[in-house]
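Worksheet: one structure, shown below.
Listed below in structure tokens is the structure:
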């Protein structure tokens, strides 16, 4: 399936431009949305790469679940994240703050965590969602492209895990950490060597972190999506993006592509009390593409 996706796609997604973090805060208490708004949990969730797609859907879902949310993306996406924050406050009454920065820059992640603690009182959930993808043969991939995707998908996830866990351990009340792997983190696909390699990194990092931090009451898991209808999937074909989306659906046993809301539903469960006995897992959510 991913080989089909990647043959005509040469897209680099937007989660990597330099810029110092800064915060924008919203305040409102009106509610009303399609999801049922649950009472406040007095907990905070941080979502990186939250301006669009899966990250956006996760932020909306967790806000409806009762979390205050800290929304992170690049400065170039700040207007989209601010709109999301306003929507969350308007529809749920939860607090929402915007903290822009580059997940591959250690100082930006440190500042992100410090600002969340200062403004929202702590961190209970970290969703390390930010990432990029490009498609190329291994022979044609440049060292710069390889380093870039590893910096964002690999180091960015490592930094989010590390500094969120340090804060959770300091707080002494456990926590939930969730990363973005992929079915490409469970087997290699042509034209996606960099993406596959980094998603294997997320999967193995998740397993190691789960074992190291279990004694602190912190669970660490990852979602492993297949074809999900995001901007990346829509740009499979340079000629007709819609043809690419349609082409991926038959690769699933269910015959349809997933949605960002499908991923958000899984994350909602993993970070809830019902998910307390799940840790170290990269859970396939692919409509039946791979079975391991």
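In our numbering, the protein residues as written are 2 to 293.
Built from N, CA and C at the ideal position, the CB exists for glycine as well.
Here the structure is a predicted model, which means the values were calculated and not measured.
Helix, strand or coil, according to DSSP, for residue i in the structure here?
| i | result |
| --- | --- |
| residue 177 | strand |
| residue 259 | strand |
| residue 148 | helix |
| residue 185 | helix |
| residue 69 | strand |
| residue 137 | strand |
| residue 226 | strand |
| residue 38 | coil |
| residue 49 | coil |
| residue 249 | helix |
| residue 292 | coil |
| residue 131 | coil |
| residue 206 | helix |
| residue 219 | strand |
| residue 254 | coil |
| residue 311 | As shown, the chain starts at 2 and ends at 293. That puts residue 311 outside it, with no answer to give. |
Between the Cα of residue i and the Cα atoms of the options, which residue gives the shortest distance?
| i | options | result |
| --- | --- | --- |
| residue 142 | 191, 183 and 158 | 191 |
| residue 105 | 157, 227 and 45 | 157 |
| residue 249 | 179, 92, 290 and 130 | 290 |
| residue 225 | 285, 40 and 178 | 285 |
| residue 100 | 94, 92 and 109 | 109 |
| residue 70 | 216, 37, 137 and 98 | 98 |
| residue 81 | 54, 66, 93 and 194 | 54 |
| residue 66 | 51, 44, 57 and 52 | 44 |
| residue 91 | 117, 38 and 58 | 38 |
| residue 220 | 165, 279, 168 and 195 | 279 |
Return the CA-CA distance between residue i and residue j, expressed in angstroms with no decimal places.
| i | j | result |
| --- | --- | --- |
| residue 96 | residue 64 | 8 Å |
| residue 173 | residue 125 | 10 Å |
| residue 138 | residue 79 | 33 Å |
| residue 122 | residue 60 | 18 Å |
| residue 107 | residue 83 | 23 Å |
| residue 254 | residue 52 | 30 Å |
| residue 215 | residue 170 | 11 Å |
Which same chain residues end up closer than 7 Å to residue i when comparing Cβ atoms and leaving out the 5 residues on each side of it in sequence?
| i | result |
| --- | --- |
| residue 13 | Unreliable positioning characterises residue 13 in this predicted model, as indicated by a pLDDT of 38, which lies under 50. A coordinate reading is not provided. |
| residue 270 | 276 |
| residue 161 | 49, 104, 110, 127 and 129 |
| residue 147 | 195 |
Apart from the five residues on each side of it in sequence, which residues of its chain come closer than 6 Å, Cβ to Cβ, to residue i?
| i | result |
| --- | --- |
| residue 200 | 182, 183, 185 and 186 |
| residue 281 | 208 and 211 |
| residue 86 | 27, 72, 97 and 99 |
| residue 179 | 128, 222, 268 and 271 |
Which same chain residues end up closer than 8 Å to residue i when comparing Cβ atoms and leaving out the 5 residues on each side of it in sequence?
| i | result |
| --- | --- |
| residue 62 | 36, 262, 265, 266, 268 and 269 |
With a cut-off of 8 Å, do at least 3 Cβ pairs link the region 251-266 to the region 187-207?
-> no
Segment contact flag, the region 69-82 with the region 137-154, C-beta cutoff 8 Å, min 3 pairs | no
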